[in-house]
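Asks: Residue numbers (our numbering), protein chains in the order written: chain V, 1023 to 1364; chain E, 18 to 311; chain G, 373 to 711.
Backbone N, C-alpha and C fix where the C-beta goes; we use that ideal spot for every residue, glycine too.
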Amino acid sequence: MSQVLPRIPLITRPSATRRGRGNAFLQFLAGRLIRLILTVLTVSVATFFLITLLPGDPAYSILPANEVTPQAVARVNRELGLNQPLPERYWHWLWQLAHGNLGYSYVLNSSVSSQVMQHLPVTVELIALALLWSLILAIPLGIIAAYLAGRPADKGISLVNFGLVAVPGFVMALVLILIFSVHLRLLPASGWVALNQDPVQNLIHMILPSLSLALTQQAAFSRVLRSEMITTLQEEYIGMARAKGLSTVRILLAHALRPSSFSLATVVGLQIGVLISGAVIIEQIFSLPGIGSLLLNAIYSNDYPTVQGVTVFIAVAFVVINLLVDVLYRVLDPRVRLDARD
Amino acid sequence: MLATEPSVIAAEPDAVLSATLSRRRLGITFWVAVAWLSIVVLGAIFANVLPLRSPSAVAPFEQLKGIGTPGHLLGTDDLGRDVLARMVFGSRVSLIVALSSVVVGAGVGLPVGMAAGYLRGRFDAVVVFVVDVILSFPALVLLLALVTFLGQSLAIISLTLGFLAIPAYIRLARANTLATASRTFVQAARAVGESTSRIIFHELLPNVAAPVMAYSFVSMGLFIVIEGSLSFLGLSVEAPVPSWGGMIASGSNYLLQDPQLVLLPAIAMLLTVLSLNLVGDGVRHLLDVREARA
Amino acid sequence: MSVGTGSPTLPRTPAGEAPLLAVRDLSFTLGAGQTLGIVGESGSGKSVTSRAIINLLPRHGTVRTGEVFLGDRDMLGLAKRDLRHALGGDVALIPQHPKVSLNPVMTVGRQITETLRLHRGMARRPARREAADLLAAVGIPDPKRRLAEYPGQMSGGMCQRVMIAIALAGQPMLLIADEPTTALDVTIQAQILDLLKAQQAERGMAMILITHDLNVAASYTDQIAVMYAGRFVEFSSAREVFEAYRMPYTEALLDAMPRLDSPLTAHLAAIDGEPPALVGLPPGCSFAARCRYVTEHCTRETPPLQAAGTSQHLYACWNPVRSASPEPPTAVANADCRH
Chain V
1023 MSQVLPRIPL
1033 ITRPSATRRG
1043 RGNAFLQFLA
1053 GRLIRLILTV
1063 LTVSVATFFL
1073 ITLLPGDPAY
1083 SILPANEVTP
1093 QAVARVNREL
1103 GLNQPLPERY
1113 WHWLWQLAHG
1123 NLGYSYVLNS
1133 SVSSQVMQHL
1143 PVTVELIALA
1153 LLWSLILAIP
1163 LGIIAAYLAG
1173 RPADKGISLV
1183 NFGLVAVPGF
1193 VMALVLILIF
1203 SVHLRLLPAS
1213 GWVALNQDPV
1223 QNLIHMILPS
1233 LSLALTQQAA
1243 FSRVLRSEMI
1253 TTLQEEYIGM
1263 ARAKGLSTVR
1273 ILLAHALRPS
1283 SFSLATVVGL
1293 QIGVLISGAV
1303 IIEQIFSLPG
1313 IGSLLLNAIY
1323 SNDYPTVQGV
1333 TVFIAVAFVV
1343 INLLVDVLYR
1353 VLDPRVRLDA
1363 RD
Chain E
18 MLATEPSVIA
28 AEPDAVLSAT
38 LSRRRLGITF
48 WVAVAWLSIV
58 VLGAIFANVL
68 PLRSPSAVAP
78 FEQLKGIGTP
88 GHLLGTDDLG
98 RDVLARMVFG
108 SRVSLIVALS
118 SVVVGAGVGL
128 PVGMAAGYLR
138 GRFDAVVVFV
148 VDVILSFPAL
158 VLLLALVTFL
168 GQSLAIISLT
178 LGFLAIPAYI
188 RLARANTLAT
198 ASRTFVQAAR
208 AVGESTSRII
218 FHELLPNVAA
228 PVMAYSFVSM
238 GLFIVIEGSL
248 SFLGLSVEAP
258 VPSWGGMIAS
268 GSNYLLQDPQ
278 LVLLPAIAML
288 LTVLSLNLVG
298 DGVRHLLDVR
308 EARA
Chain G
373 MSVGTGSPTL
383 PRTPAGEAPL
393 LAVRDLSFTL
403 GAGQTLGIVG
413 ESGSGKSVTS
423 RAIINLLPRH
433 GTVRTGEVFL
443 GDRDMLGLAK
453 RDLRHALGGD
463 VALIPQHPKV
473 SLNPVMTVGR
483 QITETLRLHR
493 GMARRPARRE
503 AADLLAAVGI
513 PDPKRRLAEY
523 PGQMSGGMCQ
533 RVMIAIALAG
543 QPMLLIADEP
553 TTALDVTIQA
563 QILDLLKAQQ
573 AERGMAMILI
583 THDLNVAASY
593 TDQIAVMYAG
603 RFVEFSSARE
613 VFEAYRMPYT
623 EALLDAMPRL
633 DSPLTAHLAA
643 IDGEPPALVG
653 LPPGCSFAAR
663 CRYVTEHCTR
673 ETPPLQAAGT
683 SQHLYACWNP
693 VRSASPEPPT
703 AVANADCRH
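1) So, are the CB atoms of Ala-555(G) and His-685(G) less than 7 Å apart?
2) Anything in the stretch 442-457 of chain G with a Cβ closer than 8 Å to a Cβ of chain V? List those residues in chain order, please.
3) Classify Pro-257(E) as buried or exposed, calling it buried when 16 or more other Cβ atoms lie within 10 Å of its own Cβ.
4) Return the residue from the list Arg-139(E), Thr-289(E), Pro-72(E), Met-230(E) that minimises the CA-CA distance to Asp-305(E).
5) To the nearest whole angstrom, what separates the beta carbons of Gly-130(E) and Thr-194(E), a pair I think is in contact under 8 Å?
6) Would you mind giving the Cβ-Cβ distance between Ile-466(G) and Ile-548(G), rounded to the nearest angstrom? I have them listed as a contact below 8 Å.
7) In the structure shown, what three-state DSSP assignment does Phe-47(E) receive?
8) Comparing C-alpha positions only, which one of Thr-1288(V), Thr-1238(V), Gly-1164(V), Ala-1236(V) sits nearest to Leu-1255(V)?
9) Does any residue of chain V bring its CB to less than 7 Å from the CB of Thr-487(G)?
10) Are any of the Cβ atoms in chain G nearer than 7 Å to that of Ala-1265(V)?
11) Hey, does Leu-568(G) have any beta-carbon neighbour from chain V nearer than 7 Å?
12) Compute the Euclidean distance between the alpha carbons of Ala-162(E) and Glu-255(E), then round it to the nearest angstrom.
13) Apart from the five residues on each side of it in sequence, which residues of its chain come closer than 6 Å, Cβ to Cβ, to Thr-1145(V)?
14) Under 7 Å Cβ-Cβ, which residues of chain G neighbour Tyr-1259(V)?
15) Ser-695(G): buried (16+ other C-beta within 10 angstroms of its C-beta) or exposed?
16) Flag this pair as yes or no: are the beta carbons of Gly-97(E) and Val-66(E) separated by less than 7 Å?
17) In whole angstroms, give me the CA-to-CA distance for His-1121(V) and Gly-299(E).
18) Which residues of the stretch 151-164 of chain E have a Cβ closer than 9 Å to any Cβ of chain V? Give them in chain order.
19) Ends of the beta strand (DSSP E) at Met-579(G)?
20) Arg-301(E) to Gly-122(E), Cα distance in whole Å?
21) Could you compute how far the alpha carbon of Ala-539(G) sits from the alpha carbon of Glu-574(G)?
22) Arg-710(G) to Asp-644(G), Cα distance in whole Å?
23) Is Asp-275(E) buried or exposed, if buried means 16 or more other CB atoms sit within 10 Å of its CB?
24) Could you give the distance in angstroms between the alpha-carbon of Phe-607(G) and the alpha-carbon of Glu-486(G)?
25) Below 8 Å, can you find three or more Cβ-Cβ pairs linking the stretch 1212-1222 of chain V to the stretch 1150-1168 of chain V?
26) To the nearest angstrom, how far is it from the Cα of Leu-1108(V) to the Cα of Leu-1318(V)?
27) Buried or exposed: where does Lys-516(G) fall if 16 or more other Cβ atoms within 10 Å of its Cβ makes it buried?
28) Is the CB-CB distance between Tyr-1351(V) and Asn-475(G) below 7 Å?
29) Along chain V, in chain order, which residues have C-beta atoms closer than 9 Å to that of Met-237(E)?
30) Identify the contact partners of Leu-252(E) in chain V, using a Cβ-Cβ distance below 8 Å as the criterion.
31) In this structure, how does DSSP classify Ala-555(G) when only helix, strand and coil are distinguished?
32) Output, in chain order, the set of chain V residues within a Cβ distance shorter than 7 Å of Pro-276(E).
33) What first and last residue would you give for the beta strand (DSSP E) that runs through Leu-465(G)?
34) Counting C-beta neighbours from all protein chains within 10 Å, is the total for Phe-63(E) 16 or more, i.e. buried, or is it exposed?
35) Would DSSP call Glu-79(E) helix, strand or coil?
36) Short check: CB of Ser-269(E) to CB of Val-279(E), under 7 Å?
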């Protein structure tokens, strides 16, 4: 039981030690996880109460019209625990959720979870491609606009982007269809081929949908990148890079891009929610069998369990994605990493 | 599609606008935008008394007429209904939703945000947390779910959108309150012993209300887009009430022969959203200049 | 290297009227192993000179006349590609603020190997090894570990050593050290300067050392050029400048240096007034307003840079300090306090 005095180093640099750095990170992670759990709980409560918003006995709304029999109603009531008091029902619901059970669709005659799993890959692919396209467009445009700031090229890009931000996704989709499908007959206006069946066809069918989402997104991205890059290009170390005899291209890409991309990363993270929302409509227009279509079809057919299940799934997925983006952000930026303060 | 971070996307000073707007006066683009918005608003208000055809009058023998047909300035749709009339009446839906959402959003968001920013402490922490939680939902999905369970009506949509807009307003109001409260003239007022309510109304509110107002224009544009998406999906107001999104949806079946059925309402929506963005930016620019001058 | 006569000027003022004359009428020659010290106050145009010499000033709004020969190449006349080849290679810059001159999100090692691979065509592995050697040469302990570190993890002094390593990586003929120790702790200053001197001797480089500190100039330079308001006003060997200065400005600078042997209660002499703004300079000598020996002629006509007899000692003054006394006057004790 000896008292061991802590050794105070002579020169204290907060993040110099590995452990110091690790601790700060763990703290940050723990904080985020707590927030994640609380958010998920809130989402689950909110979506749980959705069913209660239905007029009358939920069972009548859930069952398709032609299947409403006393036995079926009783079964639904039992399965959903609709006869039990509210807190118990909620707990039951939460318990089910934790086990990945998102409910059962009487319209589709399958569990919501299996439906979600079936449709998820398409949406993931769509969003991934949309992000890819938007970055492929935004990064060069942002760099060029920043480098040529104030000159005609920059003004032109900014003007176009300002207009693009105002275009809704579905309008963009229809315009693209008009140009590329109807008039140029280059790309299909709808339909989908599975990736494992025919990758080429799959990608061809995904071009217009992902572009519809990407063109608007890239406007936001390139604006952010541009403004941060303009600031970065004023920094001392960029001037120093010139003194080292580096070419302009090299300076822009290897020296200026990375420090300027942190705002961009934040915006990308923020826009994922917008992307998910946009994907819902895009899937409908292009008849892609993704989560969005699943949700919308459920809405059209009054398939309430599916609507509820998919909503919870999307909301939770979204929260988790945001957390991952936040963590990734921390990992990528050495300046943030080295700072012991959160 | 709600952009969740107003300060990043909407409130970014725009190079183009800074170029077009001179230092004190607002450029021609601003006034053109104002003009367009005025036309739309006036059209929506006085639609009933304007010399327009009925927007829901189905005319089986006048289907799919093109632009410039005598009697139908912008043609007719697949049911023979007058496109221009539908566009004017359809603007009502967009405008009502946009306006009421802003009223709800700002009406709740502004005071809560200001309170959080001024009072700080526990209340502020709770507000920030709740805001983060709400903002971490994908808006459209939530909207769809609520519409499904609550039914399709203008009131529900407006209220829901307004509710979803509250966090953004809270954030904006709070940020500006924080910034203003730390400035000397507020501290001076405190030192002199001004009452809290007087400080809030006299010193803080003018400085916070201004950027909130500027943002309101931009967020109205966002709401119009969202409502448009909803009505495109057929989940907004029920037919036969015309809406821009609905027109686009039904017109999308005729892209090949009659693209104007899609393009006309789309352009109207685009111009309106653009104008709102321009006006919002212009107002913000105007306020910045006043700040700089002051 | 040799710098021919000419007057590189800086970008025009926004009003587009009187040009901002940052640097005028320079001319000097520097041999291998030699060090030229450029001494002057803030705003005298020292840094601009260093950038102008190696053609690093922003393109538009800059007017260059004259030549700057590095070896056999005129830096001012080089094509872009050749200029980039020379910068960081044959001529290297060591900046004033090392911490912000390093890219914060790039490892130190990468910033060194970049120069090695670009200017010496090295492959990745050899470059890493060489980078570690360079870090060791500039006195950084545990160099291999440092390669993977970021500038934010290093102190100012260490960052400056890294900058020196980067400068040396290109095997330059000429080093331009722009106030390399001004932003560093006094305790580190001597170390860095000694390091520079040692490397210079070892590699036979010429060096231009820019400083506002006369002590530094005294100890580390062979020739000194005193700058004022964008002009060289005195130019000679270091010893001459300290012992046989001609410029009243130089005299005033020397007077302003506190001395260890002066009485404790002595006032510190300062030079009255401020350096002139470089926009729209009035005719005549730029120092006239602050000069002890000013005459009417001084305000009318700008004194040219002329030699003292047959020596290499150049100065620009109508009323040079004639007394070439072997000891600098103990002016501190009897300085008049004109405040």
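Replies: The short version:
1) Contact flag unset, no.
2) The stretch 442-457 of chain G vs chain V, Cβ under 8 Å: Leu-455, Arg-456, His-457.
3) Only exposed fits Pro-257(E), as fewer than 16 other CB atoms lie within 10 angstroms of its CB.
4) The option with the nearest alpha carbon to Asp-305(E) is Met-230(E).
5) Yes, they are in contact, since the Cβ atoms of Gly-130(E) and Thr-194(E) sit about 7 Å apart, within 8 Å.
6) Right, the Cβ-Cβ distance comes to about 7 Å (below 8 Å), so this counts as a contact.
7) DSSP places Phe-47(E) in helix when its eight states are reduced to three.
8) When only C-alpha atoms are compared, the closest one is Gly-1164(V).
9) By the rule that beta-carbons nearer than 7 Å mark a contact, Thr-487(G) touches chain V.
10) Interface residue, yes.
11) At a cut-off of 7 Å between beta carbons, Leu-568(G) makes no contact with chain V.
12) C-alpha separation (whole angstroms): 17 Å.
13) Within the same chain, Thr-1145(V) has close Cβ partners Ala-1301, Gly-1312, Ile-1313.
14) Within chain G, the residues near Tyr-1259(V) are Val-472, Ser-473, Leu-474, Asn-475.
15) Note that Ser-695(G) scores 49 on pLDDT, short of 50, meaning its location in the model is unreliable; the coordinates nonetheless yield the value given after this. Flag for Ser-695(G) reads exposed.
16) No.
17) Whole-angstrom Cα-Cα distance: 52 Å.
18) Within the stretch 151-164 of chain E, contact with chain V at the beta-carbon level (separation under 9 Å) is assigned to Ile-151, Leu-152, Ser-153, Phe-154, Pro-155, Ala-156, Leu-157, Val-158, Leu-159, Leu-160, Leu-161, Ala-162, Leu-163, Val-164.
19) Segment 578-583, the beta strand (DSSP E) holding Met-579(G).
20) Looking at the two C-alpha atoms, the distance is approximately 19 Å.
21) Straight across, the Cα-Cα distance linking Ala-539(G) with Glu-574(G) is about 14 Å.
22) Only weak support is given to the placement of Arg-710(G): the predicted model assigns it a pLDDT of 31, under 50, and the question is left unresolved by the model.
23) It is buried - the Cβ of Asp-275(E) has at least 16 other Cβ atoms within 10 Å.
24) Each residue's Cα considered, the two are about 37 Å apart.
25) No contact exists between the stretch 1212-1222 of chain V and the stretch 1150-1168 of chain V.
26) C-alpha separation (whole angstroms): 28 Å.
27) Answer is exposed; the Cβ neighbour count stays below 16.
28) In this structure, Asn-475(G) does not lie closer than 7 Å to Tyr-1351(V) by Cβ.
29) What Met-237(E) touches in chain V: nothing, since even the nearest Cβ is about 12 Å away.
30) Simply Ile-1321.
31) In the displayed model, Ala-555(G) falls within coil according to three-state DSSP, outside both helix and strand.
32) For Pro-276(E), the chain V residues whose Cβ falls inside 7 Å of its Cβ are Leu-1200, in order along the chain.
33) Per DSSP, Leu-465(G) belongs to the beta strand (DSSP E) from 463-466.
34) Exposed, by the Cβ-count rule.
35) Reduced to three states, the DSSP call for Glu-79(E) is coil.
36) In this structure, Ser-269(E) sits near Val-279(E), with a CB-CB distance shorter than 7 Å.
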